[in-house]
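Residue 98 is where the sequence shown starts when you use the numbering used here, and the numbers rise one by one after that. Glycine included, every Cβ here is placed at the ideal spot set by N, Cα and C.
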Amino acid sequence: MSAPAADDLIEASSVIVCCGSGGVGKTTTAAVLGLEAARRGRRAVVVTIDPARRLADALGLVDGLASEPQRIELDDSTGELWAMMLDTAATFDGIVRANAENDEQVDRILDNAFYRNIAGALSGTQEYMAAEMLHALHADDRFDLVVVDTPPSRNALDFLDAPGVLSRFLDHRLFKLLMLPARSGLKVIGTATQPILRAVGRVVGSDVLADSVAFFQAFAGMETGFRERADDVIALIRAPETSFVVVASARHDTIAEAVWFVDQLVEQGIDVTAAIVNRAHPAFGEGSADDALDASVDAAAAGAPGLAALWRNVADLRTLRERELAVIDPLAKVAGDERVVVLPLLDRDVHDLDGLRTIAAHLFDHPIVER
Ligand SMILES: Nc1ncnc2c1ncn2[C@@H]1O[C@H](COP(=O)(O)OP(=O)(O)O)[C@@H](O)[C@H]1O
Ligand SMILES: [Mg+2]
Numbered sequence: 098m099s100a101p102a103a104d105d106l107i108e109a110s111s112v113i114v115c116c117g118s119g120g121v122g123k124t125t126t127a128a129v130l131g132l133e134a135a136r137r138g139r140r141a142v143v144v145t146i147d148p149a150r151r152l153a154d155a156l157g158l159v160d161g162l163a164s165e166p167q168r169i170e171l172d173d174s175t176g177e178l179w180a181m182m183l184d185t186a187a188t189f190d191g192i193v194r195a196n197a198e199n200d201e202q203v204d205r206i207l208d209n210a211f212y213r214n215i216a217g218a219l220s221g222t223q224e225y226m227a228a229e230m231l232h233a234l235h236a237d238d239r240f241d242l243v244v245v246d247t248p249p250s251r252n253a254l255d256f257l258d259a260p261g262v263l264s265r266f267l268d269h270r271l272f273k274l275l276m277l278p279a280r281s282g283l284k285v286i287g288t289a290t291q292p293i294l295r296a297v298g299r300v301v302g303s304d305v306l307a308d309s310v311a312f313f314q315a316f317a318g319m320e321t322g323f324r325e326r327a328d329d330v331i332a333l334i335r336a337p338e339t340s341f342v343v344v345a346s347a348r349h350d351t352i353a354e355a356v357w358f359v360d361q362l363v364e365q366g367i368d369v370t371a372a373i374v375n376r377a378h379p380a381f382g383e384g385s386a387d388d389a390l391d392a393s394v395d396a397a398a399a400g401a402p403g404l405a406a407l408w409r410n411v412a413d414l415r416t417l418r419e420r421e422l423a424v425i426d427p428l429a430k431v432a433g434d435e436r437v438v439v440l441p442l443l444d445r446d447v448h449d450l451d452g453l454r455t456i457a458a459h460l461f462d463h464p465i466v467e468r
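Okay, structure coming up:
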């Protein structure tokens with residue numbers, strides 16, 4: 098288990114997508130990758146969707162992060178580090194503005210009650226907007242590496258699927274039905290004349306239905322733009338310059354989830370560049386737990402009970418480490434041994450650049466420089 102996989106990530110990608118279940122250290126990893134890329138002279142931007150402000154916290158920014166890229170001051174880097182927190186609703190508004198045929202259409206959509214309610218809340222919107230922002234930052238001349246900290250969703254695949262889901266929705270029968278009156282030039286849809294809409298109206302309420310129908314009608318003419326953009330986003334996610342990092346901790350449940358995710362990626366023809374196992378217990382010197390037990394027996398026989406007790410402690414800690422490494426095995430099998438990097442559990446939380454530098458030193462095998 099070594100660091101070349103991590104070097105590969107930083108040198109060869111222009112997009113890095115960090116995936117993994119919640120709480121494993123995904124946001125921390127994203128920040129570490131951005132920081133290391135900047136140290137190596139790249140202009141990196143890290144984007145997070147985590148509403149808990151963890152990225153701001155990890156970077157030691159007390160004022161939080163804006164929804165625009167913000168430069169982070171570094172004194173040890175030839176490159177640049179930028180960071181931002183995605184604002185789902187504002188990103189959605191931006192896409193509407195970019196695709197609308199005129200200002201009147203923009204106003205009609207942005208003022209629509211259904212739109213205002215779904216823009217941030219609809220399931221999948223957050224994932225789609227994250228993918229959309231990824232695309233926008235990738236096209237931005239200020240940056241040559243975009244690191245995405247994917248949303249803390251139930252399912253890590255949601256992020257990958259979101260553009261396809263949007264594309265399929267635009268092709269869906271229900272969407273076409275809702276768009277029909279707009280296409281045929283009718284002003285008002287006769288909800289009562291459509292049995293399916295009448296049924297929907299009874300469930301969600303006729304106001305909601307009227308708002309949503311008005312929304313889809315206001316949407317007319319923009320489907321092509323949305324569909325093309327979704328296709329561009331899908332292409333970028335699958336491009337060879339885009340790397341995937343899966344983050345897990347040395348526990349059965351998060352390893353199982355990481356294995357499942359790597360399998361899904363492979364099924365789609367995508368390789369994982371690195372699998373990071375975070376917060377493993379450190380190795381406590383050379384040798385195995387059994388070696389430590391032998392040393393303990395020897396110490397006891399030599400009449401040094403204190404030393405014997407210390408060696409028993411070392412044996413316990415090494416046993417913990419050995420169990421953790423065994424837990425990692427299934428992930429090493431699917432991702433490839435050479436792609437797995439194990440990071441130690443630090444004795445404190447990571448909430449400033451020094452904390453990130455300590456993790457970077459382990460991840461990239463360079464000396465720890467605390468400043
Ligand atoms: N190697 C580590 N050692 C100690 N604490 C860590 C380590 N990695 C992450 N943490 C801490 O664990 C918590 C969760 O990390 P975070 O990156 O926010 O996870 P995620 O984004 O996957 O939810 C944070 O409080 C962070 O400081
Ligand atoms: Mg996070």
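Among the options, which one has its Cα closest to the Cα of residue i?
i	options	result
L453	G400, D237 and G122	G122
A296	A233, V356, L271 and D200	L271
A259	E435, A233, A457 and A327	A327
M226	E364, I146, V142 and V439	I146
A412	S303, F313 and V394	V394
R445	V439, R436, T455 and V437	T455
A233	L254, E165, L362 and R299	E165
V439	D449, H448, L428 and V447	L428
L450	A102, D154, P101 and D104	D154
V203	L183, Q223 and A317	A317
How should residue i be labelled, buried or exposed, when 16 other C-beta atoms within 10 angstroms of its C-beta is the threshold for buried?
i	result
K284	Its pLDDT being 48, under 50, K284 is placed unreliably by the model, and the measurement read from it follows with that caveat. By the neighbour-count rule (16 or more Cβ atoms within 10 Å), K284 is not buried but exposed.
N375	buried
I286	Reliability of the predicted coordinates at I286 is poor, the pLDDT of 49 falling under 50, and no value is obtained from them.
T247	buried
D160	exposed
L306	buried
H349	exposed
V199	Per the sequence shown, residue 199 should be read as Asn rather than Val. Looking at its Cβ environment, which holds fewer than 16 other Cβ atoms inside 10 Å, N199 is exposed.
R335	exposed
S99	In this prediction, S99 has a pLDDT of 45, which is less than 50 and means its spatial position is unreliable; what the coordinates show is noted afterwards. With fewer than 16 Cβ atoms within 10 Å of its Cβ, S99 is classed as exposed.
Measuring CB to CB, does residue i end up less than 8 Å from residue j?
i	j	result
T124	L162	no
Q167	A149	no
V342	A315	no
W134	C115	Residue identity differs from the one stated: residue 134 is Ala in this sequence, not Trp. No. Outside cutoff.
E325	V112	no
L231	L333	yes
V144	V262	no
V431	V359	yes
A389	A397	no
G131	T175	no
A355	G120	no
F240	A109	no
At a cut-off of 7 Å, would you count residue i as near ligand 2, judging by its Cβ distance to the nearest heavy atom?
i	result
T515	Here the chain comprises residues numbered 98 to 468, so residue 515 is not present and cannot be evaluated.
T126	no
D255	no
D147	yes
R151	yes
D154	no
D446	no
K430	no
D246	yes
Bridge partners for residue i per DSSP, in chain order?
i	result
R140	E177
N375	S346
S340	I113
R168	W179
L242	A141
P441	A377
V369	F341
CB of residue i to nearest heavy atom of ligand 3: below 7 Å?
i	result
L442	No copy of ligand 3 appears in this structure; the ligands present are ligand 1 and ligand 2.
Can residue i be considered in contact with ligand 1, in the sense that its beta carbon sits closer than 7 Å to one or more heavy atoms?
i	result
R376	yes
G119	yes
G122	yes
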